[in-house]
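This report concerns only the one structure given below.
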Amino acid sequence: MNINVLAFGIAKDIFGASAIEVELPEAGTVTDLRSKLEEKYPRLKQLASYMIAVNDAYAADGDALQQQDEVAIIPPVSGG
Amino acid sequence: MNINVLAFGIAKDIFGASAIEVELPEAGTVTDLRSKLEEKYPRLKQLASYMIAVNDAYAADGDALQQQDEVAIIPPVSGG
Amino acid sequence: MQNNLLRYTCQIALPGFSEASQQQLQEARVLVVGAGGLGCPAAQYLAAAGIGTLGIADFDVVSVGNLHRQVLFTPEEVGQHKALVACEKLQRQNPGIKLVPHVLKVTSDNILALLQEYDLVLDGTDNFDTKYLLNDACVLAGKPLVYGAIYQFDGQVAVWNVRQPDGSFSPNYRDVYPMVDDSQVPNCAEGGVIPTLAGMIGCMQANEVIKFITKTGDLLAGKLLLVDALSMQSRVIKLGKATKTSISALPQTEEVPTLSVQEVKQQLETEGCVLVDVRNQAERDTYHIGGEHVPLEALTEEAAFLASDKPILIYCASGKRSGEAVKRLKKMFPEKEIYSLEGGMKAWREQV
Amino acid sequence: MQNNLLRYTCQIALPGFSEASQQQLQEARVLVVGAGGLGCPAAQYLAAAGIGTLGIADFDVVSVGNLHRQVLFTPEEVGQHKALVACEKLQRQNPGIKLVPHVLKVTSDNILALLQEYDLVLDGTDNFDTKYLLNDACVLAGKPLVYGAIYQFDGQVAVWNVRQPDGSFSPNYRDVYPMVDDSQVPNCAEGGVIPTLAGMIGCMQANEVIKFITKTGDLLAGKLLLVDALSMQSRVIKLGKATKTSISALPQTEEVPTLSVQEVKQQLETEGCVLVDVRNQAERDTYHIGGEHVPLEALTEEAAFLASDKPILIYCASGKRSGEAVKRLKKMFPEKEIYSLEGGMKAWREQV
Chain A
1 MNINVLAFGI AKDIFGASAI EVELPEAGTV TDLRSKLEEK YPRLKQLASY
51 MIAVNDAYAA DGDALQQQDE VAIIPPVSGG
Chain B
1 MNINVLAFGI AKDIFGASAI EVELPEAGTV TDLRSKLEEK YPRLKQLASY
51 MIAVNDAYAA DGDALQQQDE VAIIPPVSGG
Chain C
1 MQNNLLRYTC QIALPGFSEA SQQQLQEARV LVVGAGGLGC PAAQYLAAAG
51 IGTLGIADFD VVSVGNLHRQ VLFTPEEVGQ HKALVACEKL QRQNPGIKLV
101 PHVLKVTSDN ILALLQEYDL VLDGTDNFDT KYLLNDACVL AGKPLVYGAI
151 YQFDGQVAVW NVRQPDGSFS PNYRDVYPMV DDSQVPNCAE GGVIPTLAGM
201 IGCMQANEVI KFITKTGDLL AGKLLLVDAL SMQSRVIKLG KATKTSISAL
251 PQTEEVPTLS VQEVKQQLET EGCVLVDVRN QAERDTYHIG GEHVPLEALT
301 EEAAFLASDK PILIYCASGK RSGEAVKRLK KMFPEKEIYS LEGGMKAWRE
351 QV
Chain D
1 MQNNLLRYTC QIALPGFSEA SQQQLQEARV LVVGAGGLGC PAAQYLAAAG
51 IGTLGIADFD VVSVGNLHRQ VLFTPEEVGQ HKALVACEKL QRQNPGIKLV
101 PHVLKVTSDN ILALLQEYDL VLDGTDNFDT KYLLNDACVL AGKPLVYGAI
151 YQFDGQVAVW NVRQPDGSFS PNYRDVYPMV DDSQVPNCAE GGVIPTLAGM
201 IGCMQANEVI KFITKTGDLL AGKLLLVDAL SMQSRVIKLG KATKTSISAL
251 PQTEEVPTLS VQEVKQQLET EGCVLVDVRN QAERDTYHIG GEHVPLEALT
301 EEAAFLASDK PILIYCASGK RSGEAVKRLK KMFPEKEIYS LEGGMKAWRE
351 QV
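First to last, the sequence lines map onto chains A, B, C and D.
Heads up, the first sequence is in the UniProt record's numbering, so the first residue is 1 and it goes up one at a time.
Heads up, the second sequence is in the UniProt record's numbering, so the first residue is 1 and it goes up one at a time.
Heads up, the third sequence is in the UniProt record's numbering, so the first residue is 1 and it goes up one at a time.
Heads up, the fourth sequence is in the UniProt record's numbering, so the first residue is 1 and it goes up one at a time.
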């Protein structure tokens with residue numbers, strides 16, 4: 001399945017776009033998405049942590065994803 | 001059909017609630033909704049104008065409504 | 001980098017920004033109408049960001065009740081003209097820009113001349129009459145208007161009348177609200193307002209100004225942003241691409257005869273006057289200064305007080321409903337001496 | 001109404017508010033950590049609204065590059081301590097409250113003692129080390145933390161560590177971001193920030209403080225608000241009801257040896273030092289002050305410069321990556337004399 005992934009903050013720079021499509025196996029999980037993204041965008045892994053939200057709720061690593069889910073990558077921000 | 005109507009600003013005071021249900025005939029329009037609301041809540045008519053938004057878009061008087069539409073009543077606000 | 005740009009390093013570093021963007025801000029001429037809850041934060045950020053010419057129009061003076069949300073003012077400045085105090089402070093904040101105070105009430109007689117000096121207007125006003133006047137004047141002058149409004153915990157922001165690539169103009173206030181009976185909509189003096197919402201909405205307006213001038217991001221043109229400070233949920237309502245209204249003349253500003261608190265005190269001590277309270281029963285019960293009680297809705301039916309040959313002074317919470325009452329009565333009895341108490345019970349309690 | 005409440009009439013009039021709410025605000029003790037882009041507007045509105053005891057903690061002095069978004073400061077105050085200038089101005093804005101300046105860098109040694117004086121903390125800091133320190137200290141002290149953060153056009157707001165009716169605490173920063181490699185996330189000095197976003201987010205933080213103290217509305221507890229100033233779309237992410245983290249000790253504050261611009265100039269004119277630029281190639285190409293160029297990522301592999309017996313001065317755009325570089329090198333070579341240039345190239349260009 002193809003998951004539409006929205007980028008926030010520095011993730012926009014890392015992806016070079018404000019949204020990307022990621023191909024995942026059926027019944028893929030948040031962990032699968034993380035691995036796929038970090039493989040393609042190593043800088044994401046270097047952040048040490050970033051939040052994945054699915055349909056505007058925090059998603060834990062084991063959560064299953066579905067084609068129509070709205071997925072957002074929300075990296076930390078430190079400015080003040 | 002039953003339409004769920006969200007209230008903003010002074011409409012919350014007028015309805016006495018932040019959301020109400022309104023019974024409309026099938027294929028009812030925005031005009032039908034206005035009449036129904038103004039009949040039940042005369043103060044709404046006294047505002048002279050208020051916006052009705054359907055699914056986060058401005059709705060003109062003739063527009064048809066559907067059961068699952070999210071309808072919002074957005075009265076004018078003047079403070080500064 | 002030039003020395004005078006050091007101040008702006010952190011915004012020039014933004015993606016899509018450059019020294020040329022800063023130059024656009026420096027060349028821009030922005031008029032803020034109303035130095036109140038919205039105008040104060042908006043003007044602070046426009047000055048900080050380097051808008052080259054910043055006009056502040058307000059005829060009013062600072063009052064104690066302003067201070068909980070109008071962050072440019074201190075108690076020491078109560079009684080001074082807001083436009084002058086604001087310009088003086090903002091000039092200290094950024095000596096590299098030009099500040100222009102306009103101590104005047106914008107009216108149908110002066111607004112078009114005033115607009116000629118500016119590229120863009122920020123609406124920091126607190127009443128429908130001035131909101132419609134600004135809207136219609138900006139439409140006639142072909143200039144964009146960054147609108148904001150607040151009440152209790154609800155705020156609105158939009159950019160009206162932006163020229164599109166096809167030559168049409170984006171919707172304006174009359175596309176959304178063709179007309180309003182303003183006696184039916186309470187203002188902040190009556191219903192209250194949370195100060196932090198004024199700050200948010202004023203900053204959002206300044207943000208749209210900067211985006212417009214530097215051509216950055218997606219403007220709130222053809223859109224209306226609604227903010228709820230209780231839940232911090234907000235939504236953007238789509239209004240369509242182009243205006244459907246046609247505006248060909250300004251609404252004429254009606255002069256309402258008013259008396260200040262001090263003038264009323266003097267009048268009561270000398271020849272006296274008939275006091276009429278047009279607020280509702282609950283407001284009357286909380287506090288009043290005597291006289292007849294005729295709620296605004298009942299005014300034209302219960303105008304027995306007009307039989308007196310003394311001047312009539314109408315009062316409400318803020319001067320808004322009493323102004324409306326004076327307008328209505330003056331239409332029916334143009335020769336009668338009728339006044340509205342300026343600032344209403346709020347001003348009375350501050351000054352007596 | 002008492003005379004000292006006149007200032008607050010327009011917020012006491014709010015639905016759900018009363019004179020008792022104003023009394024709650026008067027009795028509250030709020031600590032704002034960081035008087036920068038977020039702390040300035042937040043403190044302005046907290047002072048205006050009548051928070052009875054308002055502490056401002058900041059060790060830094062005003063610099064020219066702050067002025068585009070830190071609206072409490074003027075060019076005349078460059079070089080003065082932010083906490084002192086802020087408290088003096090806010091005291092004039094509201095003489096009826098107590099302002100407490102804390103000119104200090106919060107560290108693992110002093111934060112818990114400082115928190116004892118306050119009921120609630122507002123995070124106006126600009127770096128991950130202090131954000132984690134505040135978060136963990138508030139969790140240990142059982143006090144809520146109103147978090148805010150900004151970068152370019154993106155902002156975040158949340159209220160961490162709120163005690164729930166069942167005795168559990170709402171999520172905190174580590175539930176969302178367990179740890180961060182801060183050298184990988186640019187700060188505002190590097191990537192820029194739009195000043196109006198700082199204003200919006202600071203006002204939203206002050207708004208959550210007022211809501212918390214007066215028990216009004218729905219707090220952003222168990223939620224994270226994301227704001228995009230380019231489109232003005234925002235969304236609220238649900239984080240769950242209770243924290244899943246367990247925090248039992250504070251992260252120890254690491255002291256990074258730094259040299260100020262003036263100290264570096266003096267050093268270069270006397271015994272000299274080895275300059276190392278840890279920025280990326282594009283930044284290097286735009287402007288540099290000489291020395292070796294070793295991007296942070298390559299630092300530990302390409303540390304030939306360590307062979308010199310002169311002191312080593314590492315520099316970047318803002319002092320953040322150079323600080324990180326010093327920490328890493330000090331771990332490997334604790335006896336070496338290695339410094340970070342305080343404020344980086346930004347400070348250099350302002351002061352040389």
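We treat Cβ as the ideally placed atom computed from N, Cα and C, and that holds for glycine.
Note that the structure is predicted; figures quoted are calculated from it, not measured.
In the three-state scheme derived from DSSP, where H, G and I count as helix and E and B as strand, C:Leu313 is classed as strand.
Contact between D:Gly291 and D:Asp277 is confirmed by a C-beta separation of about 6 Å, below the 8 Å threshold. By the rule that beta-carbons nearer than 9 Å mark a contact, A:Arg43 touches chain D.
By the C-beta criterion, the region 110-122 of chain D is judged not to be in contact with the region 37-46 of chain A, since fewer than 3 inter-stretch pairs fall below 8 Å. D:Arg321 is outside the set of residues whose beta carbon lies under 9 Å from a beta carbon in chain A.
Checking the DSSP bridge columns, you'll see D:Lys238 partnered with A:Ala57 and D:Lys223. Put simply, the CB of D:Phe128 is near chain A, with a gap under 9 Å to one of its CB atoms. Within chain B, the residues whose beta carbon sits less than 8 Å from that of C:Asp154 are Phe8, Gly9 and Val77, listed in sequence order.
Under the 10 Å beta carbon count, C:Leu145 is surrounded by 16 or more other beta carbons and is classified as buried. Here DSSP, grouped into helix, strand and coil, assigns A:Thr29 to strand.
Under DSSP, the beta-bridge partners assigned to C:Arg163 are C:Phe169. Below the 7 Å Cβ cutoff, chain D contributes Pro75 as neighbours of C:Pro95, in chain order. Taking the C-beta atoms as reference points, C:Ser318 is found nearer than 9 Å to C:Ala189.
Taking 9 Å as the threshold, the shortest C-beta distance from B:Ala19 to chain C does not fall below it. Residues of chain D whose Cβ lies closer than 8 Å to the Cβ of A:Leu65 do not exist; the shortest such Cβ separation is about 16 Å. Residue pairing for D:Tyr151: DSSP places it in a beta bridge opposite D:Asp154. Close to B:Asp61, with beta-carbon spacing below 7 Å, lies no residue of chain C; the smallest spacing is near 12 Å. At a C-beta separation below 7 Å, D:Cys188 has these neighbours in chain A: Gly79. Taking a 10 Å sphere around the C-beta of D:Leu230, we find 16 or more other C-beta atoms and assign the residue as buried. Counting other Cβ atoms within 10 Å of its Cβ, D:Met179 stays below 16 and is therefore classed as exposed. Contact between the region 193-203 of chain D and the region 43-59 of chain C is present, with at least three C-beta pairs closer than 8 Å. Minimum Cα-Cα distance from A:Gly28 among the listed residues A:Phe8, A:Gly62 and A:Ala53 corresponds to A:Gly62. Among the CB atoms of chain A, one or more fall inside 9 Å of the CB of D:Arg235. DSSP places D:Gly55 inside the beta strand (DSSP E), whose first and last residues are Thr53 to Ala57. For a cut-off of 8 Å, the C-beta gap from D:Ala57 to D:Leu72 is around 15 Å, too long to register as a contact. The Cβ-Cβ distance between C:Cys273 and C:Leu226 does not fall below 9 Å. DSSP places D:Glu263 within a helical segment (H, G or I) once states are collapsed to three.
Residues are counted here when their Cβ sits less than 9 Å from a Cβ of chain A; for the region 17-42 of chain D these are Gly34, Gly36, Gly37, Leu38 and Gly39, given in chain order. With its beta carbon at least 9 Å from every one in chain A, D:Val159 lies outside the interface. Taking 9 Å as the threshold, the shortest C-beta distance from C:Val64 to chain D falls below it. Per DSSP, D:Asn207 is one residue of the alpha helix (DSSP H) stretching across Pro195 to Thr214.
Residues of the region 25-57 of chain B whose Cβ lies closer than 8 Å to any Cβ of chain C, in chain order: Arg43, Gln46, Leu47, Ala48, Ser49, Tyr50, Met51, Ala53, Asp56 and Ala57. One alpha carbon belongs to D:Ile338, the other to D:Thr258, and they sit about 8 Å apart. Of the other Cβ atoms in all chains shown, fewer than 16 fall within 10 Å of the Cβ of C:Pro15; this residue is therefore exposed. With contacts defined by Cβ atoms closer than 9 Å, D:Phe212 and D:Leu133 do not form a contacting pair.
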